[in-house]
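These notes are about the structure you will find just below.
Residue numbers (my numbering): 1406 to 2009.
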């Protein structure tokens, strides 16, 4: 139940939802009980077939007083006006109580709807914000489809099962309690018999529900795998079609669907067994009560009149639906709890970049960034090994080396996309862990090999909604050589560019990314293979845009092609996580080593 209460805590403060729900539910139960309370004197009249003598004012107090006063008013009504009129009045009372009971039931449901919506809204917000706070290494390891599944399918499962059971867990026990009090007022002994029989049925249901939770976990994980395959298929559709790989991706999907179906079938068998089993046990319990109570009516030494026993059976039968609903809700809740645990598992991920409570705000980059004896490991694999390097303000640096040499990882340490395993990174002489993460990252602008664009307008992709100024957006686009093609789009800067910017060419996407970096106007610029995989015309336009962007900025260029290092102030050559060479292009090209070999292999 710990997970269940954790779900409720998401809607904190709860009193605005729970208190009205409890109040309306109590009123609903009370008016519902009035309907059954009215049955006893009515049945006695029908069984006896005559009017009572003049009623006597009750003198007793305590639990039985309410019952006696009810009998007194009913008998007085019947004594004064006759049985037919008394029955008419009681029917009117029952009708009014049914109306009020359903009004309060509706109000209780409305309170629960507000609670359900608030919980799901907060869960999705919290999970997404928590997810985007995780380091880049987490996303490299995770299947994107599974992450999507957790924020959509899993939370939907919480809504349809756990939140649904909330009303059962609050309303049904109150109804059972009220019915039990009425049963005790009719026959204490017979009620105690029923309380002995109920736990036996409960133990059988409980044994079944324990198996359901493990099956629910397997089912939800299998569903996440399906989402992952779908995500990969959509993302790689061009390659799938180009290589006629439909059968390959189709077989992957078939395997995951069949696995999910098997888990779902196993869960369904146990889930569907819960209803018939609880109904059979309920009917068995009623028959036992009928057998015991019937003997109490038939034997002369038991003072349980037939009308009261009939009402007892009617009320006892009303206990069964809420008891059955509780068992079914508990069964259903196992699936929702399994989904909730997957959600909270992601929320509780500890491998995030931790910001110090009394962090320093970066005001301005003034001197240098230093890496001192920096080591970085990922999954026990050492990526960087004892890096000592300095980036001076206003200079251009080139990091070159073959793929996998650690270039991008090294640069990712500067804005704290990862934290060093050993050593330290100093920003103007202060360890970057002492800075606020947001203010530190405000000092960096990044242009990647594959531009990261969103399914939004051109303007929003440039500004990312940070202090969005139309004039500044246009100015940034002009400086990035992007203004001309943007104005030719159907809606200009308000054109939606599609998922990953798929409505634009490669060169156009790259110029939007450069315009974004210009708009940010950060003092440190990181170019990660920014001009690779482009045609000559696009590369010329982008090179001009980059030249504009780099003016007055500290620039770090990452490339496996040494041609990009020719005009750099300083070149760093990495190989297998180690700095093999460093110096100017002129110095390195005249020295035998990795750099000269790479230069001789690169296209002129």
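Think of the CB as a built atom: it goes at the ideal place given N, C-alpha and C, for glycine as much as any other residue.
For residue 1799, same chain residues with a beta-carbon under 8 Å away, outside a window of 5 residues either side, are 1957, 1958 and 1959 in chain order. Look at the stretch 1846-1884 and you find these whole runs of alpha helix (DSSP H), each 4 residues long or longer: 1863-1868 and 1875-1884.
Excluding sequence positions up to five before and after residue 1953, its CB lies within less than 6 Å of the CB of 1884, all in the same chain and listed in chain order. DSSP, read as helix, strand or coil, puts residue 1794 in strand.
Only residues of its own chain outside the window of five on either side were considered, and among them 1761, 1764 and 1765 have a CB closer than 7 Å to the CB of residue 1839, listed in chain order. In the three-state scheme derived from DSSP, where H, G and I count as helix and E and B as strand, residue 1804 is classed as strand. Check the Cα spacing between residue 1788 and each of 1908, 1945 and 1809: the tightest is with 1809. If only complete runs of 3 or more residues are kept, the stretch 1900-1966 shows the beta strand (DSSP E) at 1929-1933 and 1959-1964, in order along the chain. In the DSSP assignment, residue 1782 falls outside any alpha helix (DSSP H) and within the unbroken beta strand (DSSP E) covering 1773-1783. Beta bridge pairing from DSSP links residue 1977 with 1804 and 1987. Collapsing the DSSP output to three states places residue 1672 in a helix. According to DSSP, residue pairing for residue 1835 in a beta bridge involves 1832.
Nearest to residue 1412 by alpha-carbon distance, out of 1525, 1506, 1495 and 1882, is 1525.
In the structure shown, the three-state DSSP call for residue 1582 is helix.
Counting only residues of its own chain and dropping the five nearest sequence neighbours on each side, residue 1776 has a CB closer than 6 Å to the CB of 1792, 1794 and 1830. Rounded to the nearest whole angstrom, the CA to CA distance from residue 1659 to residue 1634 is 10 Å.
Restricting attention to 1947, 1498, 1556 and 1779, the CA atom closest to the CA of residue 1748 is found in 1556.
Looking at the backbone, the Cα of residue 1422 and that of residue 1516 are separated by about 6 Å.
When the beta-carbon positions are compared, residue 1750 and residue 1773 stay at least 9 Å from each other.
DSSP places residue 1812 in the uninterrupted alpha helix (DSSP H) bounded by 1812-1817. The way I'd put it, the stretch 1923-1934 doesn't touch the stretch 1891-1908; fewer than three beta-carbon pairs between them come closer than 8 Å. Here residue 1427 is not near residue 1591, since their CB atoms are 9 Å or more apart. Straight-line measurement puts the Cα of residue 1968 at about 12 Å from the Cα of residue 1806.
Residue burial is scored here from C-beta neighbours: residue 1437 has at least 16 other C-beta atoms within 10 angstroms and is therefore classed as buried. In this structure, residue 1624 lies near residue 1665, with their beta-carbon atoms less than 9 Å apart. Here DSSP, grouped into helix, strand and coil, assigns residue 1758 to coil.
Minimum Cα-Cα distance from residue 1811 among the listed residues 1801, 1513 and 1780 corresponds to 1780.
In the three-state reduction of the DSSP assignment, residue 1765 falls in the strand class, which pools E and B. For residue 1557, no alpha helix (DSSP H) run applies, since DSSP gives it neither H nor E. Look at the beta carbons and you see the stretch 1902-1909 not touching the stretch 1838-1853: under three pairs across the two are nearer than 8 Å.
Excluding its 5 nearest sequence neighbours in each direction, residue 1408 has C-beta neighbours in its own chain below 8 Å: 1742, 1745, 1746 and 1749, listed in chain order. Per DSSP, the continuous alpha helix (DSSP H) segment holding residue 1890 begins and ends at 1888-1892. Between the alpha carbons of residue 1429 and residue 1695 lies a distance of about 34 Å. Taking the Cα positions, residue 1778 is about 10 Å away from residue 1825.
Looking only at 1970, 1661, 1786 and 2002, the smallest Cα-Cα distance to residue 1982 is reached by 1786. Beyond the five residues adjoining it in sequence on each side, residue 2003 comes within less than 6 Å, by CB distance, of 1967 in the same chain, given in chain order.
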